[in-house]
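K.L.:
Residue numbers (my numbering): 6 to 264.
We put the beta carbon where it would ideally sit given N, CA and C, even for glycine.
Below you'll find the structure I mean.
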């Protein structure tokens, strides 16, 4: 079997189409939960590709998938959150590597995990202060921290939930903000100059699958009960946050006695 299917390095046809199917599945999960899909995709890519390829592939595919989701649900986007978020995100991307490099990742992961759990189950905290100011700070923090910890979506999700009276508004606004974040990350990491041409067939196929999944997922989202969506969202974000706490404890060596 060709180990470079359609020119994609170290990828045969089985791996290629498995990732296409996986992109459909994770995008669908992302629509109906407003969480989890991106992390699942990252774990899958990192299990096959070197991390130097997995991260930019993940970023491009997630951005492409989120763009199609935004197009499908554009009328529900809370547009007043976008400009403040973009301003904060640009500042965060520009300053993150210079200021934050000395802080241990374990501390960041543990703090974020606990912080997000509190925000998820006590949403009143996500509505403190003016909306523009909140989303400027959120844009800064999310992009700033995203350079060091893969928890950008987990951090953003509770704040979007706090201003979204409807599940469709939540998913549409969250997806739009994640497009901004992924764009900033591409620039901040210099991925625009990385040689990803060889992976282009795979990325395009995965984005196409994600686009189809977003269309199907939007149909399901319209039919979901608001209470069910909110509960699923809270459970998913809590599990993702607990994963951050576990990673923090592991990286800090606190779990050595349990192994």
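What number of angstroms, rounded off, separates the C-alpha of residue 66 from the C-alpha of residue 21?
P.N.:
To locate residue 66, count along the chain shown from 1; it is residue 61. To locate residue 21, count along the chain shown from 1; it is residue 16. Distance between the alpha carbons of residue 66 and residue 21 is about 14 Å.
K.L.:
Where residue 256 and residue 80 are concerned, what is the direct C-alpha to C-alpha distance, given to the nearest angstrom?
P.N.:
The residue you call residue 256 lines up with position 251 of the chain shown. The residue you call residue 80 lines up with position 75 of the chain shown. If you take the alpha carbons of residue 256 and residue 80, they lie about 43 Å apart.
K.L.:
Apart from the five residues just before and just after residue 174, which ones in its own chain have a Cβ nearer than 7 Å to its Cβ?
P.N.:
As a working mapping, residue 174 is identified with position 169 in the chain shown. Once the five neighbours on either side are set aside, the close Cβ partners of residue 174 are 81, 83.
K.L.:
I'd like to confirm something about residue 93: is its beta-carbon nearer than 8 Å to some heavy atom of the ligand COA, or not?
P.N.:
In the structure on display, the ligand COA does not appear, and there are no ligands present to speak of.
K.L.:
In the DSSP output, which residue or residues are listed as bridge partners for residue 9?
P.N.:
Here residue 9 refers to the residue found at position 4 of the chain shown. Note: residue 9 sits in a beta bridge opposite 16.
K.L.:
Assuming contact is defined by CB atoms lying nearer than 9 Å, are residue 190 and residue 157 in contact in what I supplied?
P.N.:
As a first step, residue 190 is located in the chain shown; it is residue number 185 there, counting from the start. As a first step, residue 157 is located in the chain shown; it is residue number 152 there, counting from the start. Yes. Within cutoff.
K.L.:
What ranges does the beta strand (DSSP E) occupy inside the segment 61 to 133, keeping only unbroken runs of at least 3 residues that lie completely in it?
P.N.:
Counting only runs of 3 or more, we get nothing.
K.L.:
Would you check if there are 3 or more beta carbon pairs closer than 8 Å linking the segment 230 to 242 to the segment 47 to 54?
P.N.:
Touching, no, given that fewer than three Cβ pairs across the two stretches are closer than 8 Å.
K.L.:
Have a look at residue 241 and residue 38 and give me their C-alpha separation to the nearest angstrom.
P.N.:
Locating residue 241 in the chain shown gives position 236, where the first residue counts as 1. Locating residue 38 in the chain shown gives position 33, where the first residue counts as 1. Cα to Cα, residue 241 sits roughly 7 Å from residue 38.
K.L.:
For residue 175, decide whether its Cβ has a neighbour in chain B, counting only Cβ atoms nearer than 9 Å.
P.N.:
In the displayed structure, chain B is absent; only one protein chain is listed.
K.L.:
Starting from residue 231, follow the alpha helix (DSSP H) in both directions and report where the run begins and ends.
P.N.:
As a position in the chain shown, residue 231 is number 226, starting the count at 1. First-last of the alpha helix (DSSP H) with residue 231: 231 to 256.
K.L.:
For residue 213 and residue 31, I'd like the C-alpha separation in whole angstroms.
P.N.:
By 1-based counting over the chain shown, the position of residue 213 is 208. By 1-based counting over the chain shown, the position of residue 31 is 26. Cα to Cα, the separation comes out at about 13 Å.
K.L.:
Assign residue 141 to one of three DSSP states: helix, strand, or coil.
P.N.:
Indexing the chain shown from 1 puts residue 141 at position 136. Reduced to three states, the DSSP call for residue 141 is helix.
K.L.:
In three-state DSSP terms, what is residue 179?
P.N.:
Reading the chain shown from its first residue, position 174 is the one you call residue 179. The answer is helix: DSSP assigns residue 179 an H, G or I state.
K.L.:
Express the C-alpha separation of residue 41 and residue 70 in angstroms, rounding to a whole number.
P.N.:
Within the chain shown, residue 70 is the residue found at index 65, counting from 1. Within the chain shown, residue 41 is the residue found at index 36, counting from 1. Computed Cα separation, rounded: 14 Å.
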